Amino acid sequence: MSINGPASAEVFFVERGRWVAASEGVRPGEVLARVADFVETVLPLAQTRRLLHLGCGKGELSLELARRGYKPVAVDISPDVIAVARGRAMAQRVPVAFLAADMARLDFPPYFDAVLAVETTLPFRGKAETFSKPLEQVAALLRPGGRFLFGCAAWRALPAAREVVYEGPGGRAVETFTFDVPTRTVCRTLRVESRSGAREVCWQSYWPDAAEIEAALRAAGFALRGRWHRYDPEATWTDEETPGSIWLAEWRP
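Okay, so the sequence shown: first residue is 0 according to numbering that gives the first Met the number 0, each after it adds one.
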């Protein structure tokens with residue numbers, strides 16, 4: 000297992016030492032601009048009036064896209080993270096509709112031009128038998144011909160075991176990843192240490208390979224329109240060992 004030094008990500012601790020988020024996500028500055036440029040290229044503004052951003056985190060990318068003319072509805076499962084995002088939107092005077100919700104319980108009609116879920120493993124969660132369910136849920140939110148851009152530039156076909164330490168003003172968090180190759184199961188454990196004590200949360204989910212993901216997309220009614228290994232329209236995917244997998248798929252009911 001590799002151990003990194005304190006991550007550059009912010010760690011947010013709110014009142015009473017309650018943990019909010021320990022995730023690098025999309026960082027401000029050059030990386031954020033690169034991701035936004037990529038989104039703008041593959042999901043042109045003229046064709047993307049109604050954009051749903053899933054797993055928006057603290058809102059950096061949603062806010063940047065709004066500044067560029069998009070009108071995103073931004074969703075994250077954590078109410079505390081959404082509170083941070085709303086605070087940023089108010090401070091920057093950028094209109095973004097932030098919503099705390101589980102995507103499985105979203106009650107929107109199928110009218111979005113595009114759904115965005117980057118730098119998140121959102122579409123890959125679940126068991127071997129159910130990991131494709133989120134793809135079907137996304138399809139139900141899109142208009143015919145709507146597009147789904149998702150994936151992660153750090154995606155690995157076989158994720159390495161690792162441990163990352165996050166430091167913040169209210170304490171620290173240690174995030175541990177382990178991967179079982181025969182069952183393709185990834186286990187993530189987060190231990191949070193703050194002034195009020197320590198707590199630990201564990202997740203376990205299936206980790207499909209690229210062929211399984213693309214088969215699930217087709218089964219859900221999507222046509223694959225592009226695949227890249229970094230946020231560069233010229234960086235098309237070549238093989239399973241290439242770091243990163245970012246997909247663009249079109250909903251064809």
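Where a beta carbon is used, it is the ideal one built from N, C-alpha and C, also for glycine.
Nothing here was measured: the structure is a model prediction, and the numbers come from that model.
### Query
Apart from the five residues on each side of it in sequence, which residues of its chain come closer than 7 Å, Cβ to Cβ, to Y69?
L44, T47, L50
### Query
Can you list, in chain order, the residues of its chain whose CB lies under 7 Å from that of A234, leaving out five sequence neighbours each side?
W227, H228
### Query
Once you ignore the five residues that flank E249 on each side, which residues in its own chain have a CB closer than 7 Å to its CB?
G144, R146, F221, A222, R224
### Message
Quick check: L64 and L148, are their CB atoms within less than 7 Å of each other?
### Response
no
### Task
Decide if P242 is buried, meaning its Cβ has at least 16 other Cβ atoms within 10 Å, or exposed.
exposed
### Message
Using only CA atoms, which one of F130, L141, L115 lies nearest to F107?
### Response
L141
### Query
Cβ atoms of C55 and D75: under 7 Å apart, would you say?
yes
### Message
Going by C-alpha to C-alpha distance, which of E192, S193, T175, R194 sits closest to V185?
### Response
T175
### Query
Which one of R190, R194, S131, P232 has the shortest CA to CA distance from S204?
S131
### Task
Please report how far the alpha carbon of T237 lies from the alpha carbon of T40, in whole angstroms.
20 Å
### Task
Have a look at E59 and C201 and give me their C-alpha separation to the nearest angstrom.
26 Å
### Message
In chain order, what are the residue ranges of uninterrupted alpha helix (DSSP H) at least 4 long that sit wholly in the stretch 96-127?
### Response
none
#### Entry: Opening and closing residue of the alpha helix (DSSP H) in which F178 lies
Per DSSP, F178 belongs to no alpha helix (DSSP H); it is in the beta strand (DSSP E), 170-179.
### Query
Are there 16 or more other CB atoms within 10 angstroms of the CB of A21, so buried, or fewer, so exposed?
Interpretation of A21 is limited by its pLDDT of 42, a score under 50 that renders its predicted location unreliable; the figure taken from the coordinates is listed afterwards. By the 10 Å Cβ count, A21 comes out buried.
### Task
Tell me whether I269 sits in a helix, a strand or coil according to DSSP, three-state version.
With the chain running from 0 to 252 in the structure shown, residue 269 is simply not present.
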